[in-house]
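K.L.:
Just so we're aligned: the sequence shown equals residues -22 to -1, 1 to 292 in mature numbering (1 follows the signal peptide of the UniProt record, and there is no 0).
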Amino acid sequence: MNFNIRDLILALLCAFLGSVKGLLVSKIKSLGPIEIFGLRSLGATCLIIPIMVFWNYKLWYDYKINLTLLARSIVGNIAVCSYYFGFSYLPIAEASLLFYSTPIFTIFIGCIFLKEKCGPSETISVIFSLLGIVLVSFPDFTFDTARDNTNTIKGVAGSIIGAIAQAIALAVIRKITFIPPAVVSFWWALMGIPFSVVLSSLQSGRLHSWQCGLEAWIIVMIAMLGFVSELCLVAALKSTDAVIVSIALTSEILWAFVLQIYVNNEWPNFLCIIGGMAILISISLPPILNCVSTKKCEFDVENEYPENTIKQEK
């Protein structure tokens, strides 16, 4: 696996900023998740334009690269918009738990579309992940009975759809690592504006605007944090495998629990904690077993051909 400590730090920073974004999204009550997403896309676009002009980045490439950038922008916008649905209708820790089951959906995508083999460790991971999703998702078991079940279903569906879309987006980004992160982020933010306008029009038939005051500043902060976290994510994927990055991003779950408890003063249900542990096990098991297997193979090769090791030392 390709691994770089700088990229790991960038992925961890992206995770922390993501948890803060989730907290800010949960504080906005006058707008729906689609409107929040659209305003964030508009703000991120305005922030990236000066960078594009100052560094004179190339925006237009050949047909295949443009098509890849477009596909990544669409899938990425679906992921973020769905992500906001989770934070709008669920506590931030539960939304993060569901959204960061992304590596499991990456396994499914690899098996179905890339014909990759699904070994015992992957199978065990899928079982643990499904168990965790069930424990976190079912309102009758994990959520307060006073909570609106319709909104709960919206939040759960949004988080899971976002996880699937994020898995696809991470795979696509690895195909365009030669493109500057600012360019990838610009395409993503720019496409988010018409994307949100169409969805908002279909949903309500009219567009809303935020209330003046604190929520306006929260929107601005979400746009800024979204811009920085997206740059960190794209930069992290330039030389580190998507699986490693997606695992590092799951640290947002821990931050989300901390913010939910100490900022929102909401304590998660016991079964929700059990479900979260199952999801974390499912996420961390395959790379750990893969690393152990790789080290074992290297050890066996060194024992089988010790003369090669001696030559290398000389």
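Glycine included, each C-beta is placed from N, C-alpha and C at the ideal position.
Along the alpha helix (DSSP H) that carries R50, what are the first and last residues, could you check?
P.N.:
Per DSSP, R50 belongs to the alpha helix (DSSP H) from 41 to 67.
K.L.:
Roughly how many whole angstroms lie between the Cα atoms of G10 and S66?
P.N.:
If I take the Cα positions, the gap works out to 8 Å.
K.L.:
Going by C-alpha to C-alpha distance, which of E208, A(-12), F(-7) sits closest to E230?
P.N.:
If we check each option's Cα against that of E230, F(-7) comes out closest.
K.L.:
Which of the three DSSP states is assigned to V134 in this structure?
P.N.:
In the structure shown, V134 sits in a helix (DSSP, three-state: H, G or I).
K.L.:
Y240 by DSSP, collapsed to three states: which one?
P.N.:
Helix.
K.L.:
Report the rounded CA-to-CA distance for D40 versus I146, giving the unit in angstroms.
P.N.:
Going from the Cα of D40 to the Cα of I146 covers about 22 Å.
K.L.:
Leaving out five residues on either side along the sequence, give the residues of the same chain with a beta carbon under 7 Å from the beta carbon of I6.
P.N.:
So the list reads I14, E193, I196, once near-sequence residues are dropped.
K.L.:
Compare the beta carbon distance of L227 and A(-12) with 9 Å and say whether it is the shorter of the two.
P.N.:
A contact, by the Cβ cut-off of 9 Å.
K.L.:
Hey, quick one: how far does the alpha helix (DSSP H) through K5 stretch, first residue to last?
P.N.:
Segment -18 to 5, the alpha helix (DSSP H) holding K5.
K.L.:
Check for me: the alpha helix (DSSP H) holding I14 runs from which residue to which?
P.N.:
I14 -> alpha helix (DSSP H) spans 11 to 33.
K.L.:
Can you give me the Cβ contacts of A71 inside the same chain, cut-off strictly under 6 Å, excluding the 5 residues immediately before and after it?
P.N.:
Only A234, F235, Q238, P246 meet the Cβ criterion.
K.L.:
With a CB to CB cut of under 8 Å and the five nearest residues on each side skipped, what residues in its chain are close to W38?
P.N.:
If we look at W38 and ignore the five residues flanking it on each side, its Cβ neighbours are N44.
K.L.:
Using DSSP with H/G/I as helix, E/B as strand and the rest coil, what is W245?
P.N.:
Here W245 sits in coil by DSSP.
K.L.:
Alpha carbon to alpha carbon, how far is L(-15) from V223?
P.N.:
Each residue's Cα considered, the two are about 7 Å apart.
K.L.:
Beta-carbon within less than 6 Å of I259's beta-carbon, same chain only, minus the 5 sequence neighbours each way: which residues are those?
P.N.:
Same-chain partners within the cutoff: F106.
K.L.:
Can you tell me whether G97 is helix, strand or coil according to DSSP?
P.N.:
If DSSP states are grouped into helix, strand and coil, G97 belongs with coil.
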